[in-house]
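Before any comments, here is the structure.
In mature numbering (1 follows the signal peptide of the UniProt record, and there is no 0), the protein residues as written are -21 to -1, 1 to 424.
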């Protein structure tokens, strides 16, 4: 009974915060740091001892929460506020430990194996459900009992169930999508009036942009594998692409077809002159943000990462990777997901842990996370997106098919560096499409 009363108190406080937060518009914070994304953009581990903070204890028990964020990041700062308010409202003390990306990726599983008391933890949707899936609690009953899905994103909850093998074991927050981001001002100057929906339309847009004196597309070592994966999955769908990569089926005609498409773009001068050697974040910082390159395949965290360089007058656009002729998937498919929160299946205080998750992902603090990190809200009642990523909303809402990270390109760890090296060479024009395929075939033997 006491727990039920605490839950009612927590929910009332959270919803009151939601009404207050939705009462007026807020400008995105101008000092927000970049949200976490793929491993290629991971922040270094922080000093967890220095970053550990504990909300004051009451008489409602206690929780231990390991977070992927640094305490100095906007996400860490907002989460700390949510934890403090949760503790004050419920009397449940929370020991939140900000581990950083490397800290949690290297330290969580050994800690769980050793029986360390950890109630709640977070990371990206695939890592939590696939790498650590054996450690997490089935949340279906808690979600149903508390009507959590009434104001949750149906697509993201569906994605969590999909990666959880049909069972909801994690709660999404800080949603993200991977697509082409572009400079609307360059599109306008070049006369590109509609976003490309097909590869042929992208070809035509690139030519106009090149003729206007700009670099159509940039990329770098961090994200070029995604270009490979997306194009292959447009041709084949994800499952076949993954099978090709995992089993080194480099003689499949789709591999050469993908390579020919990129060879053609390279020959036409559509790629940055530095694409063959760009090391992240060169493409985004030195080219896209500086206004010399028009497009960059990246995540919805990008506008936040470059906002200080791009400036307030940068006009962002976004479109889904174009469809290819006779392909399996179209613009309805993309890598989208979220960071997620999960509860240790051995937690002795799972209901309180779910209360804390609700505080972070609903109402006031979901909105604040969105504003401070220039991120996508996860609570469906928080309908106002930061201005920099408003262009992402129609893309996100159009997606019905989810690709995992890199759309299959990284599904064979032994081949990942080989594909990356040769994709950079292909886009840089130093290998032909036939040489690209031959190099993968040789490496995969």
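Note that the Cβ used here is the ideal one computed from N, Cα and C, for glycine as well.
For residue i, I'd like the list of residues in its chain whose CB is within less than 7 Å of its CB, leaving aside the five on either flank, ordered along the chain.
| i | result |
| --- | --- |
| residue 399 | 200, 203 and 204 |
| residue 140 | 146 and 147 |
| residue 404 | 255 and 410 |
| residue 359 | 130, 131 and 132 |
| residue 90 | 97 |
| residue 291 | none |
| residue 379 | 311 |
| residue 55 | 46, 48, 49 and 77 |
| residue 40 | 71, 328 and 331 |
| residue 176 | 301, 302 and 310 |
Classify residue i as buried or exposed, calling it buried when 16 or more other Cβ atoms lie within 10 Å of its own Cβ.
| i | result |
| --- | --- |
| residue 124 | exposed |
| residue 10 | Bear in mind that the predicted position of residue 10 carries a pLDDT of just 30, short of 50, making it unreliable; the figure below should be weighed with that in mind. Exposed, because fewer than 16 other Cβ atoms sit within 10 Å of the Cβ of residue 10. |
| residue 285 | buried |
| residue 103 | buried |
| residue 92 | exposed |
| residue 287 | exposed |
| residue 393 | exposed |
| residue 432 | The chain is shown from -21 up to 424; residue 432 falls before or after that span and cannot be answered. |
| residue 232 | exposed |
| residue 421 | exposed |
| residue 340 | buried |
| residue 67 | exposed |
| residue 396 | exposed |
My understanding is that residue i touches residue j, with C-beta atoms under 8 Å, so please give their C-beta distance in whole angstroms.
| i | j | result |
| --- | --- | --- |
| residue 296 | residue 370 | 5 Å |
| residue 316 | residue 108 | Residue 316 to residue 108, Cβ: 10 Å. No contact. |
| residue 44 | residue 74 | 7 Å |
| residue 352 | residue 310 | Actually they do not touch by this definition, with Cβ atoms about 26 Å apart. |
| residue 118 | residue 322 | 7 Å |
| residue 225 | residue 390 | 5 Å |
| residue 318 | residue 153 | 4 Å |
| residue 191 | residue 168 | 6 Å |
| residue 65 | residue 335 | 5 Å |
Can you check whether the CB of residue j is closer than 9 Å to the CB of residue i?
| i | j | result |
| --- | --- | --- |
| residue 132 | residue 357 | yes |
| residue 387 | residue 223 | yes |
| residue 293 | residue 270 | yes |
| residue 170 | residue 189 | no |
| residue 213 | residue 312 | yes |
| residue 308 | residue 217 | yes |
| residue 98 | residue 328 | yes |
| residue 300 | residue 161 | no |
| residue 338 | residue 61 | yes |
| residue 305 | residue 382 | no |
| residue 86 | residue 325 | no |
| residue 320 | residue 150 | yes |
| residue 58 | residue 333 | no |
| residue 178 | residue 303 | yes |
| residue 246 | residue 408 | yes |
| residue 101 | residue 142 | no |
| residue 182 | residue 243 | yes |
Which same chain residues, not among the five before or five after residue i, have their C-beta less than 6 Å away from its C-beta?
| i | result |
| --- | --- |
| residue 419 | 229 |
| residue 402 | 203 and 207 |
| residue 349 | 356 |
| residue 193 | 165 and 273 |
| residue 196 | 249, 250 and 274 |
| residue 159 | 274, 276 and 298 |
| residue 7 | Interpretation of residue 7 is limited by its pLDDT of 30, a score under 50 that renders its predicted location unreliable; the figure taken from the coordinates is listed afterwards. Contacts found: 350, 353 and 365. |
| residue 13 | Unreliable positioning characterises residue 13 in this predicted model, as indicated by a pLDDT of 34, which lies under 50. The coordinate reading is nonetheless provided below. 280, 283 and 284. |
| residue 163 | 294 and 296 |
| residue 415 | 238, 401 and 405 |
| residue 265 | none |
| residue 289 | 268 |
| residue 174 | 298 |
| residue 111 | none |
| residue 234 | 416 |
| residue 172 | none |
| residue 215 | 233 and 307 |
In chain order, what residues of the same chain have a beta carbon less than 8 Å from the beta carbon of residue i, not counting five sequence neighbours either side?
| i | result |
| --- | --- |
| residue 429 | With the chain covering only -21 through 424, there is no way to say anything about residue 429. |
| residue 424 | 227 |
> Going along the chain, which unbroken runs of the beta strand (DSSP E) with 3 or more residues stay wholly within the region 364 to 401?
Replying inline: Segments of the beta strand (DSSP E) lying fully in the region 364 to 401: 380 to 382.
>> Suppose only complete runs of 3+ residues qualify. What are the beta strand (DSSP E) ranges in the region 180 to 248, listed by chain order?
In response: Correct list: 194 to 197.
> Which parts of the region 274 to 314 are runs of the beta strand (DSSP E), unbroken and 3 residues or longer, counting only runs that do not cross its ends?
Replying inline: Restricting attention to beta strand (DSSP E) runs no shorter than 3 residues, the region 274 to 314 encloses them at 295 to 298, ordered along the chain.
>> To test your reading of the DSSP string, which unbroken beta strand (DSSP E) runs of 3 or more residues are found completely within the region 116 to 178?
In response: Within the region 116 to 178, the complete beta strand (DSSP E) runs of at least 3 residues fall at 150 to 162.
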